[in-house]
DNA sequence: CGTATGCCCTGCCAGC
DNA sequence: TGCTGGCAGGGCATAC
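In the working numbering, the protein residues as written are 4 to 272.
Written out as structure tokens, the structure reads:
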């Protein structure tokens, strides 16, 4: 379940292995991902990686002849390993480097994606995305004003990529708990003051998850490298029936917007 | 415009 | 033991 922190930790982990090195080959074993992997991904062969960036949950591997765009979907995992490591089931793509290593994408459910963006071309893919949550572009005043004519639950609102990117189910639950807001409340009915604390808790849970991932994840080349954010303490997500650590009342769960939602009815109103 | 629903896909687990 | 059904879920397409 890669959320933004996992993608950012992956970026931090793989970047030192890629940046400044040359992609010798892109091996595609399974083209059927969320979208078919285009032939053009081979355009980066022979190119030096200039930078590894991130936009929302997309990883961007930039070269002079174009950018590889990776999405991990639901079940995608990246590893940096020796290029001759035997493949296992669902190892769909290798980005082979001149160092003898390769970046290998394993994705059982194939909800992920590998795309190619040519340089200096208009890309519409990111046009409808909201601001990055950890930048100053995401602030409480904007969140509040966009919420005004929204009748749907605040949880759906903060998970809407046009509002702010990268807030998935886990961190939406956690941020709403820390802000003391009932996830079922209509987004348009919440005060500016409460959006101020919600903005802060969204930034807080995401930043903390990245920090924990970054400190736990020593070396992305480890084959057993468990992403560090699993160490993160969760207050409500997945804790149905367990006592709220703030007040002791049992955590409840309900489906909101087709997704499982966890909250404390005493602490969140 | 906002909102709701369906779809893509496989691993895992509960229940029989 | 082996089958079945349900669930997990990001993001896009479609319909209202």
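By construction, the Cβ of each residue, glycine as well, lies at the ideal position given by its N, Cα and C atoms.
Note that the coordinates shown come from a computational prediction; the quantities given were computed from them, not determined experimentally.
Cβ-Cβ separation, residue j to residue i (assumed contact under 8 Å), whole Å
i	j	result
residue 65	residue 54	5 Å
residue 6	residue 241	Incorrect: roughly 14 Å between the Cβ atoms, too far for contact.
residue 71	residue 13	14 Å between Cβ atoms; not a contact.
residue 17	residue 75	Contact flag wrong, Cβ pair sits at about 12 Å.
DSSP bridge partner residues for residue i (one or two, in chain order)
i	result
residue 95	DSSP, once it has assigned bridges, lists no residue as partnering residue 95.
residue 80	109
residue 119	71
residue 2	For the chain, the structure presents residues 4 to 272; residue 2 sits outside this window and is missing.
residue 208	Residue 208 pairs with nothing; no bridge assigned.
residue 26	50 and 100
residue 58	61
Helix, strand or coil at residue i according to DSSP, with G and I counted as helix
i	result
residue 68	coil
residue 229	Unreliable positioning characterises residue 229 in this predicted model, as indicated by a pLDDT of 48, which lies under 50. The coordinate reading is nonetheless provided below. Three-state DSSP puts residue 229 in coil, outside helix and strand.
residue 14	helix
residue 85	strand
residue 253	strand
residue 102	coil
residue 174	helix
residue 167	coil
residue 213	helix
residue 239	coil
residue 145	helix
Contacting residues, own chain, Cβ-Cβ under 6 Å from residue i (five flanking each side not counted)
i	result
residue 77	112 and 114
residue 175	158, 161 and 162
residue 199	143
residue 36	113, 115 and 116
residue 59	132, 168 and 169
Within 8 Å, strictly: CB atoms of residue i and residue j
i	j	result
residue 56	residue 25	no
residue 183	residue 107	no
residue 22	residue 48	no
residue 109	residue 120	no
residue 268	residue 256	no
residue 243	residue 137	no
residue 130	residue 103	no
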